[in-house]
Amino acid sequence: MKIVTQADELPAVSVVVPAYKSEETVENTIRSLLGLNYPSPVELIFVDNRSTDRTSEILRSYAPRIRVIREPKQGRSPARNRGIREARNSVVAFTDADCVADSNWLAELIVPLSDPRVGISGGNIRAIQPCNSIQRFGELLHDHEKPINTYKPPYASTANWASRRSVLLEVGGFDETMRRGEDGDLSYRIIRAGYEIVYRDGATIYHRNTPNLRGLFLEGFQHGFYGVQVLKKHRKLVRQFGHRSINLKGYRAVTRDWVRCISKKADPFTFYDTTFNSAKKVGKILGSMRFGCIEL
3 MKIVTQADEL PAVSVVVPAY KSEETVENTI RSLLGLNYPS PVELIFVDNR STDRTSEILR
63 SYAPRIRVIR EPKQGRSPAR NRGIREARNS VVAFTDADCV ADSNWLAELI VPLSDPRVGI
123 SGGNIRAIQP CNSIQRFGEL LHDHEKPINT YKPPYASTAN WASRRSVLLE VGGFDETMRR
183 GEDGDLSYRI IRAGYEIVYR DGATIYHRNT PNLRGLFLEG FQHGFYGVQV LKKHRKLVRQ
243 FGHRSINLKG YRAVTRDWVR CISKKADPFT FYDTTFNSAK KVGKILGSMR FGCIEL
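In the working numbering, each residue carries its 1-based index in the sequence shown increased by 2.
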């Protein structure tokens, strides 16, 4: 694999950020991206996805340093696809409107894309500081190295993602029929097209994790519910990696963890993990009913 060094010329990049009702966080995102340490031109595209709060006003206040595009079709996939279509550069990077980029994020993230076999470069996702214990636990949930280097098949998160624009167009971009799990779906389609996913630990994005148990439960539920749709769509691929429709070990593990939590023998992170995984199991059950397949 050919990897360029930081001394080599890096390509111009378009960074696409979908923004929906993000008035509390988007300004920090903008400022961090404007402060990127990157030697080549960077185009910052913020896609206002029909926000009804002050998001649109905040975005306009930073023009023309950022491009503001309004996408009327609701959803993160339509917003990102609009950004891909509007991008002027050969490389497209993604992050979210509740994230803050390290100044060297882009310079680190883009390096693997010099190899034509690499379809996605994904970087490190950390919690924004200061944070409480639930938000610190969120770093384990958003650990980007595990889904890229350990899970089979691998996948990447659009909170910290870069691809050549040609690759994104080749596979058809994000599936606009999917409300969640669209980044996993696109990852699998890029793998099926013959490309690889590479992890870059030095490419750091700081994410605003959910601060409470309600948000943690909802995140777990959505992960399980919409994950069923992704697995159904890519059943042949996941079966090649040994994926089973029913995983009874997971349910037994959750049961054991709840026993530990109830008996007060578990630490806080075990309680958070049990809450998340219980919600994920509930989501899988209901998702299997909704999408007409068994993925438990």
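Heads up, the beta-carbon is just placed ideally off N, CA and C, and yes, glycines get one too.
N51: beta carbon under 7 Å from a heavy atom of the ligand FMN?
The ligand FMN is absent from the structure shown, which contains no ligands of any kind.
First through last residue of the beta strand (DSSP E) which encompasses D50
For the purposes of this step, residue 50 is taken as residue 48 along the sequence shown, with counting starting at 1. For D50, the uninterrupted beta strand (DSSP E) run begins and ends at 44-50, by DSSP.
Among I287, A158, S189, which one has its Cα closest to the Cα of V173?
For this step, residue 173 is matched to residue 171 along the sequence shown. It is S189.
G204 burial status per 10 Å Cβ neighbour count (16 or more: buried)
Locating residue 204 in the sequence shown gives position 202, counting from the first residue. That one is exposed.
Cα separation between R119 and V261?
Numbered from its first residue, the sequence shown carries residue 119 at position 117. Numbered from its first residue, the sequence shown carries residue 261 at position 259. So the alpha carbons of these two residues sit roughly 47 Å apart.
Closest to G222 by C-alpha separation, out of L233, F278, R202, R72, would be which residue?
Residue mapping note: residue 222 aligns to position 220 of the sequence shown, counting from 1. For the residues L233, F278, R202, R72, the minimum Cα distance to G222 belongs to F278.
Any idea which residues DSSP pairs F96 with across the strands?
Residue mapping note: residue 96 aligns to position 94 of the sequence shown, counting from 1. F96 has V18, W163 as its beta-bridge partners, per DSSP.
At what residues does the beta strand (DSSP E) containing T206 begin and finish?
By one-based count along the sequence shown, residue 206 stands at place 204. Its beta strand (DSSP E) spans residues 198-209.
Can you list, in chain order, the residues of its chain with a C-beta nearer than 6 Å to that of I296? Leave out the 5 residues immediately preceding and following it.
By 1-based counting over the sequence shown, the position of residue 296 is 294. Cβ within range, chain order: S247, S290.
List the endpoints of the continuous beta strand (DSSP E) containing C101.
What you label residue 101 is simply residue 99 of the sequence shown in a count that begins at 1. Residues 101-103.
Check whether the Cβ atoms of L35 and A103 sit closer than 8 Å, and answer yes or no.
Residue mapping note: residue 35 aligns to position 33 of the sequence shown, counting from 1. Residue mapping note: residue 103 aligns to position 101 of the sequence shown, counting from 1. Yes; because the gap between Cβ atoms is below 8 Å, this pair is in contact.
Can you look up A89 in the DSSP assignment and give me helix, strand or coil?
On the sequence shown, residue 89 is found 87 positions in, with the first residue counted as 1. Per DSSP, reduced to three states, the secondary structure at A89 is coil, with no helix or strand assignment.
Spatially closest choice to A158 from I60, D187, K286, by CA coordinates:
As a working mapping, residue 158 is identified with position 156 in the sequence shown. The option with the nearest alpha carbon to A158 is D187.
Bridge partners for V120 per DSSP, in chain order?
Working through the sequence shown from its first residue, we reach residue 120 at position 118. Its beta-bridge partners are E198.
Using 8 Å as the cut-off, can you tell me whether the region 9-21 makes contact with the region 95-111, which would need three or more C-beta pairs spanning the two stretches below that distance?
Touching, yes.
Residues bridged to R258 (per DSSP):
Taking the sequence shown and counting its residues from 1, one reaches residue 258 at position 256. R258 pairs with nothing; no bridge assigned.
Is L101 near I207, with beta carbons less than 8 Å apart?
Position 99 of the sequence shown, counted from the start, is the residue given in the question as residue 101. Position 205 of the sequence shown, counted from the start, is the residue given in the question as residue 207. The sequence given here has Cys at residue 101, not Leu. Going by beta carbons, C101 and I207 fall inside the 8 Å limit.
Can you give me the Cβ contacts of N106 inside the same chain, cut-off strictly under 6 Å, excluding the 5 residues immediately before and after it?
For the purposes of this step, residue 106 is identified with residue 104 of the sequence shown, where counting begins at 1. Hits under 6 Å: N39.
Would you call the CB atoms of H144 and G124 closer than 8 Å?
Your numbering for residue 144 matches position 142 in the sequence shown. Your numbering for residue 124 matches position 122 in the sequence shown. Cβ distance not < 8 Å, so H144 and G124 don't count as in contact.
By Cβ distance, which residues of its chain are closer than 8 Å to C263, with the 5 residues on each side in sequence left out?
Within the sequence shown, residue 263 is the residue found at index 261, counting from 1. Cβ contact annotation for C263 (same chain, cutoff 8 Å, sequence separation greater than five): T272, F273, T276, in chain order.
Simplified DSSP assignment, three categories, for V240
Sequence index remark: in the sequence shown, residue 240 carries index 238 (1-based). Annotated three-state conformation of V240 is helix, per DSSP.
Among the residues of its own chain, which have a CB less than 6 Å from the CB of V49, if the five just before and after it don't count?
Counted from its first residue, the sequence shown places residue 49 at position 47. Closer than 6 Å at Cβ, skipping near neighbours: P20, I71, E73, A81, R84, G85.
Name the residue from V200, T57, A89 whose alpha carbon lies nearest to the alpha carbon of T152.
The count along the sequence shown starts at 1 and reaches residue 152 at position 150. From the listed residues V200, T57, A89, the smallest Cα separation to T152 is found for V200.
Separation of S265 from T31, as counted between CA atoms
Counting from one through the sequence shown, the residue named residue 31 turns up at place 29. Counting from one through the sequence shown, the residue named residue 265 turns up at place 263. Between T31 and S265, the C-alpha separation is close to 42 Å.
Can you give me the Cβ contacts of R69 inside the same chain, cut-off strictly under 6 Å, excluding the 5 residues immediately before and after it?
Here residue 69 refers to the residue found at position 67 when the sequence shown is read from its first residue. Taken in chain order, the residues that qualify are I47.
Please work out which residues of its chain come closer than 7 Å, Cβ to Cβ, to S79, disregarding the five sequence neighbours upstream and downstream, and give them in chain order.
For the purposes of this step, residue 79 is identified with residue 77 of the sequence shown, where counting begins at 1. Counting only Cβ-Cβ distances below 7 Å, and skipping sequence neighbours, we find F176, D177, E178, M180, E184.
Assign A281 to one of three DSSP states: helix, strand, or coil.
Start at 1 with the first residue of the sequence shown, and residue 281 comes out as number 279. A281: helix per DSSP, three-state reduction.
What separation, rounded to the nearest whole angstrom, lies between the Cα atoms of K283 and L250?
The residue given as residue 283 occupies position 281 in the sequence shown. The residue given as residue 250 occupies position 248 in the sequence shown. C-alpha separation (whole angstroms): 11 Å.
Between R329 and E110, is the Cβ-Cβ spacing less than 8 Å?
Coverage of the chain is limited to positions 3 through 298, which leaves residue 329 absent and any answer about it impossible.
Would you give the residue range spanned by the beta strand (DSSP E) that V113 belongs to?
What you label residue 113 is simply residue 111 of the sequence shown in a count that begins at 1. Premise fails: V113 is in no beta strand (DSSP E) and is neither H nor E.
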